[in-house]
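Numbering (my numbering), first residue to last: 144 to 668.
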Amino acid sequence: MAVTQQEIESRLWDAADELRVAMPEAQYSSVVFPLMFWKYLSDTWDHQHQAFLAENKGLLDSLSAEEAHEIEYRDYQSFEIPLIRPGTVQQRRASWSSILASITQPGLGQRVRASLQAIETANPGKFSRLFGSLTWTSEEVLAGEVLAAVLQAMDRTPKMHEGNMSHDVLGGAYEYLLKRFSDGSGTRAGQFFTPREVVELIVEILAPKSFESVYDPTCGSGGMLIASANLLKAHGGRGYTLRLYGQEAVPETAGVARMNLFMHNLTQFQVEVGDTLKDPRFKKPDGSIEQFDVIVANPPYSLKWKPWTKDPRAIGGVAPQSSADWAFVQHMIASMGPKKGRAGVVLPHGVLFRGGQEAAIRQRVLDDDLLEAVIGLPANLFYSTSIATCILVFRAPGTKAEERRDGVLFIDASKRFTKAKNRNVLTALDIADVVTAYHSDFEANGNPVDPDGDGGLAARFVSGTEIAANGYDLNIGRYIKQAAAEQEHLGTLIDAYNIARAERQKTEKRMLAVLATAGIEGFDE
């Protein structure tokens, strides 16, 4: 019987819930994700090992151990679960089942740590530094009986290999845990999780194509990279052909991203650890910034940073120490491929109108006609902040469509949301309407349009001349809300005039009737 999504999600949450006696929910991910991935690796290795034994039953007796090992890892296994202390009486495999067999023995945390580190060492190209610091394997951090309870609960989940469940189910379970941890983690969740509907909106707009490269300079848990592949697959493309690249400053979060990608059966990826602004890890042989077809990001907002002293990414100037928002934009612009590079980034509204050094950068970006669209989002969409945010969409120099050149498309979607338990959410219809508005045709400086007819979404294409006349201020209200308000005021005035006129006419009729009754004549209606 096929494993259902609900079944595996329920069992995994039961395992996570065992941690409630030991640590706050914000820390669950550091324990659960390494254990879940380890079980996935072990179950997959065991499944392939049994296939190897069954299919080579008659051959194994004539093979040496070295020859059998070579055949198995050439034709069956894509990674190694190594032996620990091979050739000794204490030898064991660094597998899930091996640990479960000795779960009641002292030193459980140390044995788990040794197993995970052995897997990293045996697979340096795939799993180097994958599992993070593993501080939770210490008895002082997580008592052995609690760790045992988590392992036993997770062991009740169905076997996590391709013969038992699809990667869609497995990846969906991983995403489910990411969201559950984010719902309960408060502001810390923003370090690794961007709400999936925001990710979907950005990816829908940028529309990755088969065999393209996708890069996220602040990749968190890898959600935007995975969404790019999923969207391409949903639209009939081949998601697995995408070349995925990410950089993440927090090593443990980078590990979460790599595990997430593996769980979704995406193998053409490279996730590096480091500060993207200080130490960009993706570079060309000549030392310049590597360029990609699609760049997506939700960087930390208004991050204090050490400004560049001399960096070719700093077009238009250097962002102030108090906020790295525009520095991330400059890095993404430098990362756009010259032929079809496009970028989408989520940032706070301050980037649209703040002065000083940010204004100078904004002017240069607009003068170079790199900004294609500004999309205002509702407030309280994110786990890490309740402020309203916006999506900025950029195109490589000279690659904008003819009708989008020398101007910026503004879309106000701030009223399009549904209230949920902890935050607001965008529905599938909200996303579809914003994407429709983005692809619509607009005349320069034309009237705002309202695709849904309810006043919840408005869009307008504004010429570069008008933006320059406004001092390169990109505040959405300057171009849409104010104009919409003026139209609303005119309609209200007309309605009020018609009502007042009708009331006046009724009053005059009553007055004339009273005068006529009194015998006073000479008044015309």
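C-beta atoms are modelled at their ideal positions from N, C-alpha and C, and glycine is treated no differently. Being a predicted model, the structure only gives us computed values, none of them experimental.
In the three-state reduction of the DSSP assignment, T561 falls in the strand class, which pools E and B. Counting C-beta atoms within 10 angstroms of its own C-beta, T147 has fewer than 16 neighbours from the protein chains shown and is therefore classed as exposed. Under the DSSP assignment, T532 falls in the beta strand (DSSP E) whose first and last residues are T532 to R538. Excluding sequence positions up to five before and after A502, its CB lies within less than 7 Å of the CB of Y615, all in the same chain and listed in chain order.
Taking all protein chains in view, the Cβ of V164 is surrounded by fewer than 16 other Cβ atoms within 10 Å, so the residue is classified as exposed.
In terms of Cβ geometry, V346 and V439 form a close pair [threshold 9 Å].
For S185, the number of other beta carbons within 10 angstroms of its own is at least 16, and it is reported as buried.
Note on F180: 16 or more other CB atoms within 10 angstroms of its CB, so buried under the neighbour-count rule. Partner residues in the beta bridge of D359, as assigned by DSSP, are G389.
With a cut-off of 8 Å on Cβ pairs, the stretch 341–360 is in contact with the stretch 370–388, counting three or more such pairs.
If you draw a 10 Å sphere on the C-beta of N373, you find 16 or more other C-beta atoms in it, and that means buried. In this structure F553 is in contact with V605, their Cβ atoms being roughly 6 Å apart against a cut-off of 8 Å. Under the 10 Å beta carbon count, I619 is surrounded by 16 or more other beta carbons and is classified as buried. Counting only residues of its own chain and dropping the five nearest sequence neighbours on each side, V289 has a CB closer than 6 Å to the CB of A165.
Spatial neighbours of M475 in its own chain (CB-CB distance under 8 Å, excluding positions within 5 residues in sequence) are listed in chain order as P360, I438, A440, A486, V488 and F537. For M479, the secondary structure class from DSSP, reduced to helix, strand or coil, is strand. Distance check between L349 and each of W451, K453 and K483 places K483 closest, using alpha-carbon atoms only. The three-state secondary structure of L520, taken from DSSP, is coil. Shown here for G306: same chain residues with a beta carbon closer than 6 Å to its own, the five before and five after excluded, namely H190 in chain order. In the DSSP secondary-structure assignment, L226 is bridged to R236. K426 has I432 as its beta-bridge partners, per DSSP. In its chain, beyond the 5 residues on either side, R559 have a beta carbon closer than 6 Å to the beta carbon of D573.
For Q464, the three-state secondary structure derived from DSSP is coil.
Given a length threshold of 4 residues, each whole run of the alpha helix (DSSP H) inside the stretch 252–335 is given here in chain order: 267–270, 287–298 and 310–326. When rounded, the separation of the alpha-carbon atoms in G662 and R653 is 14 Å. Between L178 and L294 the beta-carbon gap is near 7 Å, inside 8 Å, which marks them as a contact. Membership of S606 in the beta strand (DSSP E) is indicated by the continuous run A601 to S606. Going by DSSP, G499 is part of the alpha helix (DSSP H) stretching over G499 to D510.
Here G487 carries a strand assignment [DSSP, helix/strand/coil]. The Cβ neighbour count for F354, taken over all protein chains shown within 10 Å, is under 16; the residue is labelled exposed. Scanning its chain for C-beta atoms nearer than 6 Å, with the 5 sequence neighbours on each side dropped, one finds around V175 the residues A159, in chain order. The criterion of a C-beta distance shorter than 9 Å is not satisfied by P394 and R548. Non-local C-beta neighbours of D418 in its own chain, meaning closer than 8 Å and more than five positions away in sequence, comprise A392, ordered along the chain. A check of alpha carbon separations from G315 across I224, S153 and T542 identifies S153 as the nearest.
Among the bridge pairs identified by DSSP, D454 is matched with none.
Nearest in C-alpha terms to F324, of all of N565, I610, T579 and K182, is N565.
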